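In this note's numbering, the protein residues as written are 1009 to 1317. Structure first, commentary second.
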Amino acid sequence: MAFFTHHICRGLSSSAVRHVVIKHVTIIGGGQMGAGIAQVAASTGHAVTLVDTNEDILKKAVKGIEGNLKRVVKKKFADKPEAGEEFLQKAMQNVSISTDAGSVVQGTDLVVEAIVENLKVKQDLFGGLDKVAPAHTIFASNTSSLSITDIASSTNRLDRFGGLHFFNPVPVMRLVEVIATSSTSQETFDSLLNFSKMLGKTSVSCKDTPGFIVNRLLLPYILDAVRMYERGDGSKEDIDIAMKLGCGYPMGPFELSDYVGLDTMKFIMDGWSAANPDNPMFAQSEVLNKLVAEGKFGKKTGEGFYKYK
1009 MAFFTHHICR GLSSSAVRHV VIKHVTIIGG GQMGAGIAQV AASTGHAVTL VDTNEDILKK
1069 AVKGIEGNLK RVVKKKFADK PEAGEEFLQK AMQNVSISTD AGSVVQGTDL VVEAIVENLK
1129 VKQDLFGGLD KVAPAHTIFA SNTSSLSITD IASSTNRLDR FGGLHFFNPV PVMRLVEVIA
1189 TSSTSQETFD SLLNFSKMLG KTSVSCKDTP GFIVNRLLLP YILDAVRMYE RGDGSKEDID
1249 IAMKLGCGYP MGPFELSDYV GLDTMKFIMD GWSAANPDNP MFAQSEVLNK LVAEGKFGKK
1309 TGEGFYKYK
């Protein structure tokens, strides 16, 4: 997956770089997450360039961003249509698209990657961008399961590399996990925290541990519910009802699994299981494996633990 078409070599030492005020953001990946991050950043006055190898995906993303912002305007500016139109126009003017990441990053303060959850693909991307981005540019990954340290190892800016884990849908979900590796400088970490604040998000700080905070707690909880179901300790429906009414959760574990995507859950758990083969918390689930093998990934395919057709 080639996100850049040419290289320009330049000095990459960043040890003397000061605190960066992030004004221009390059977002790699025009899917749902990338488009959501772009929408929020553009709405808060940042210049945003959304990058993908597929121009049709980029055009679809921009159309989706505009549609989402129109709904925001209708809700928040119901009594001030002129102010709403001004907000919409300014936000959309902040968004540009490109299929040439190597060119775009030469003038950016922050690169946020939101592409496929594949370590080598991410490393190849950042390794190439590292050769052309200015020394002050901060790199961040939106990965939900991979090690930030492993991704950053393909670059020469370990001190300028961190994690920004947004949640789906980005414009709605208030949380951002800001992840620091053992090499992330305090200046970089402060810049990422400040950027999250400028987006109107609530940020939490965490170290580069598997799944960070939310997924590290959430996925084992879900898999424990699945194992209860496998043992016959309770039905899917009863377990969901119990957790919603007993704990006040908006969704039960099976409903949430279908929303997240069973394929996504399995991918993450497979990685954790391989890295921690003796940890029963990451043990395989026969029911989950069977559903994924049958192409039943949840709401996005019309069927998972429940049917949606």
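Just so it is clear, CB atoms sit at the ideal spot from N, CA and C, and this is done for glycine as well. In this text the structure is predicted, and so the values were computed from the model without any measurement.
1. Rounded to whole angstroms, what is the Cα-Cα separation between V1080 and D1060?
2. Thinking C-alpha only, which one of P1258, H1144, Q1101, V1112 is nearest T1196?
3. Does DSSP put L1058 in a helix, a strand or coil?
4. When DSSP labels each residue in this structure, what does V1212 get in the three-state scheme?
5. Who are the Cβ neighbours of A1099 in its own chain at under 6 Å, not counting the five residues just before and after it?
6. Within the continuous alpha helix (DSSP H) that includes E1294, where are the two ends?
7. Considering only the alpha carbon of each residue, which of S1199, F1175, I1156 lies closest to I1187?
8. May I have a chain-ordered list of the beta strand (DSSP E) segments no shorter than 3 residues that lie completely inside the segment 1241 to 1303?
9. In chain order, what residues of the same chain have a beta carbon less than 7 Å from the beta carbon of G1279, not counting five sequence neighbours either side?
10. Should E1121 be labelled buried (16 or more other beta-carbon atoms within 10 Å of its own) or exposed?
11. Following the continuous alpha helix (DSSP H) through S1199, name the residue where it begins and the one where it ends.
12. For T1210 and L1183, I'd like the C-alpha separation in whole angstroms.
On the basis of the coordinates in this document:
1. 25 Å
2. H1144
3. strand
4. strand
5. A1050, S1051, L1077
6. 1294 to 1301
7. I1156
8. none
9. S1153
10. buried
11. 1194 to 1206
12. 5 Å
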